[in-house]
Amino acid sequence: MRLRPFAIPLSIMTALVLQIMPMPAIADIYRPDWVLLVLAYWTMALPNRVNVGVAFLSGVLLDVLLGTSLGIHSIGLCIVIYVLAANYQRLRNYSVWQQAVIIGLLSALYHLILFWLQHLLTDVYFQFDYLLPVVSSTIIWPWLFWLLRKVRRQLRLS
Amino acid sequence: MNTIFTRGPSLPNRLALALALSALLLFVDHKLDGFQSTRVYLNSLVSPLQYLADLPGKLLNLSAERLASQQQLIEENARLTSQIMLMSEQLQRFSVLQQENDRLRKLLGSPVQPGMRKMIAELMAVDNNPFSHQIVINKGALDGVYEGQPVLDDQGIVGQIMQVGTTNSRVLLLSDVTHAIPVRIARNNVRLIASGSGRLDELLLQHVPHSTDMQVGDLLVSSGLGNVFPQGYPVAKITAIVRDEGRPFAQVSTKPMANLDRIRYLLLLWPNDSGAESAPEQTSVGGGS
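Residue numbers (the numbering used here), protein chains in the order written: chain Z, 1 to 158; chain D, 1 to 289.
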């Protein structure tokens with residue numbers, strides 16, 4: 001299959017596009033952390049191929065795309081992906097809903113790291129809206145997990 | 001099964017390396033502003049992703065335009081025709097007024113207000129970063145866009161150019177917390193500074209004494225001080241004044257004139273693109289207001 005070597009980069013690319021796609025303001029605050037979710041899946045499934053290094057690169061790309069100071073998203077992603085990569089064997093054995101709760105917690109950590117860094121650099125104040133993506137990420141995880149597992153099995157990635 | 005990390009550094013070392021690199025990037029980018037020129041290339045590099053993200057919206061717009069009914073088109077045509085009639089009537093008066101204004105300015109010895117180069121730009125993408133209000137437009141360095149350039153819509157000032165790419169650039173909106181714009185009240189020329197509040201529909205006037213002559217409904221126009229925004233364009237309207245004597249300053253909230261949440265077409269201005277006399281013109285106007 002010719003798609004095999006490109007499956008992981010393509011999925012991360014798609015997540016980046018979904019992350020910056022313009023959406024109406026009401027839906028926008030509920031946008032799931034696509035990049036975080038896709039990286040989390042690949043880290044849990046193939047930790048030898050996707051881990052902190054890929055997270056760092058996608059974080060820098062996300063910083064450029066979102067116009068934040070370079071390094072903010074990469075720090076957030078690296079820390080979360082590190083936690084996942086260090087515990088991948090345990091997390092694999094959880095049921096998908098348990099995983100969703102863990103992912104939700106990690107997504108909250110991710111948003112708090114982003115907020116703390118931004119607060120350090122500029123005077124932003126905390127609004128509860130900033131944590132709404134945690135809810136949508138938790139809800140979307142089982143479906144994304146199912147989809148990406150299908151892709152992985154179809155292409156026999158390992 | 002593959003063992004994890006058969007080559008390269010161990011996982012904690014990787015994390016330490018990545019965090020150190022990120023911290024370095026953050027420091028160089030934010031504190032030293034060391035990536036100004038690199039950002040142009042980075043922005044150009046990722047612009048295919050932005051075009052890709054913009055595609056579904058474009059297609060929807062296109063299909064909506066294709067599927068517009070004849071009735072709608074006729075109505076729109078009638079509305080636009082009547083609007084053009086009204087505007088051209090105003091334009092006739094405007095040209096007379098402008099000539100008169102020029103004559104009076106000459107009489108007073110102050111330089112004539114120059115015309116400006118303008119260009120229409122279109123919105124490409126809105127960032128979903130909740131900490132910062134930015135948009136991406138489809139004009140870049142190739143069109144002569146420069147950093148700090150004023151951006152307007154049909155109602156008033158929208159913001160200024162923050163980063164320039166080859167074919168697109170990033171606009172910082174008035175409502176961003178890091179943005180502030182010098183304004184004056186159109187009614188009595190009181191000078192103020194309107195800073196962003198982090199909400200799209202509100203700008204704050206800070207450090208305003210209680211005794212300042214302000215009323216709800218006053219129009220704030222750009223004062224031209226600071227040499228970024230040209231003077232005289234509408235910025236915001238005062239919506240609420242709280243004169244609580246227990247606080248050191250009056251709390252004034254204003255609503256931006258531009259519809260910052262409904263941007264589609266924008267106007268780029270080149271205030272300094274009409275000759276050498278623009279610089280003394282701005283200082284003389286600033287001193288007069």
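Backbone N, C-alpha and C define an ideal beta-carbon position, used for all residues, glycine too.
- For Val64 (chain Z), the enclosing alpha helix (DSSP H) covers residues Val52 to Leu66.
- For Thr122 (chain Z), the C-beta contacts it makes with chain D under 7 Å involve Val177 and Thr178, in order along the chain.
- By the criterion of a C-beta distance shorter than 7 Å, Val145 (chain D) is surrounded in its chain by Lys139, Ile161, Val164, Ser169 and Leu268, once the five residues flanking it on both sides are discounted.
- Residue-level contact check: Ile72 (chain Z) touches chain D, since one or more beta carbons of chain D fall below 8 Å from its beta carbon.
- Considering only beta carbons, no part of the stretch 240-259 of chain D lies closer than 7 Å to chain Z.
- Here Thr239 (chain D) carries a strand assignment [DSSP, helix/strand/coil].
- The residue among D:Ala125, D:Leu26, D:Ser37 and D:Arg103 with its C-alpha nearest the C-alpha of Lys58 (chain D) is D:Ala125.
- Under a 10 Å Cβ-count criterion, Ile137 (chain D) is classified as buried, with 16 or more other Cβ atoms of the shown protein chains found around its own Cβ.
- Taken through DSSP and simplified to helix, strand or coil, Glu100 (chain D) comes out as helix.
- In the DSSP assignment, Ala100 (chain Z) falls within the alpha helix (DSSP H) that extends over Val96 to Leu121.
- Contacts with chain D at 8 Å (Cβ-Cβ) include Tyr130 (chain Z).
- Contact between Leu62 (chain Z) and Val35 (chain Z) holds, with the beta-carbon distance rounding to 6 Å and staying under 8 Å.
- In this structure the stretch 41-50 of chain D touches the stretch 52-68 of chain Z; the number of beta carbon pairs closer than 8 Å is three or more.
- When C-beta atoms of the stretch 221-234 of chain D are compared with those of the stretch 73-81 of chain D, fewer than three pairs fall below 8 Å, so the two segments do not count as touching.
- If you compare the alpha carbons of D:Leu260, D:Tyr265, D:Val208 and D:Pro271 with that of Val252 (chain D), the shortest gap goes to D:Val208.
- The Cβ neighbour count for Arg156 (chain Z), taken over all protein chains shown within 10 Å, is under 16; the residue is labelled exposed.
- Leaving aside the five residues that flank Lys118 (chain D) on each side, the residues in its chain whose CB is nearer than 8 Å to its CB run, in chain order, Leu267, Leu268, Leu269 and Trp270.
- Interface residue (Cβ-Cβ distance to chain Z less than 8 Å): Val46 (chain D) is classified as such.
- Note on geometry: alpha-carbon atoms of Glu202 (chain D) and Leu117 (chain Z) lie some 25 Å from one another.
- What Ala85 (chain Z) touches in chain D, judged by beta-carbon distance under 7 Å, is Leu11, going in chain order.
- Contacts with chain D at 8 Å (Cβ-Cβ) do not include Asn93 (chain Z).
- Cβ neighbours of Thr138 (chain Z) within its own chain (closer than 6 Å, five residues either side excluded): Ala100 and Gly104.
- For Pro9 (chain Z), the nearest beta carbon of chain D is not closer than 8 Å to its own beta carbon.
- With a contact defined as Cβ atoms closer than 8 Å, Leu123 (chain D) and Ser175 (chain D) miss out at about 16 Å.
- Distances from the alpha-carbon of Leu15 (chain D) to those of Z:Leu70, Z:Leu131, Z:Gln127 and Z:Cys78 put Z:Cys78 closest.
- Under the Cβ criterion of 8 Å, Pro22 (chain Z) is counted among the residues facing chain D.
- When the alpha-carbon of Arg31 (chain Z) is set against those of Z:Trp146, Z:His119 and Z:Tyr130, the nearest one is in Z:Tyr130.
- Annotation for Ile20 (chain Z): Leu65 place their beta carbon closer than 6 Å to its own, counting only its chain and skipping 5 residues before and after.
- The residue among D:Leu219, D:Val177 and D:Asn13 with its C-alpha nearest the C-alpha of Ala86 (chain Z) is D:Asn13.
- If you look at Val40 (chain D), you'll find it in the alpha helix (DSSP H) that goes Gln36 to Arg66.
- Under the 10 Å beta carbon count, Ile120 (chain D) is surrounded by fewer than 16 other beta carbons and is classified as exposed.
- Residues of the stretch 24-43 of chain D with a C-beta less than 7 Å from any C-beta of chain Z: Leu25, Leu26, Asp29, His30, Phe35, Leu42 and Asn43, listed in chain order.
- For Gln19 (chain Z), there is no enclosing beta strand (DSSP E); the residue is part of the alpha helix (DSSP H) that begins and ends at Ala7 to Ile20.
- Counting the other CB atoms within 10 Å of its CB gives Gly148 (chain D) a total below 16, which places it among the exposed residues.
- In the assembly as shown, Gly8 (chain D) is an exposed residue. Its beta-carbon has fewer than 16 other beta-carbons within 10 Å.
- Under the criterion of beta carbons closer than 8 Å, Leu26 (chain D) and Ser69 (chain Z) qualify as touching, at roughly 6 Å.
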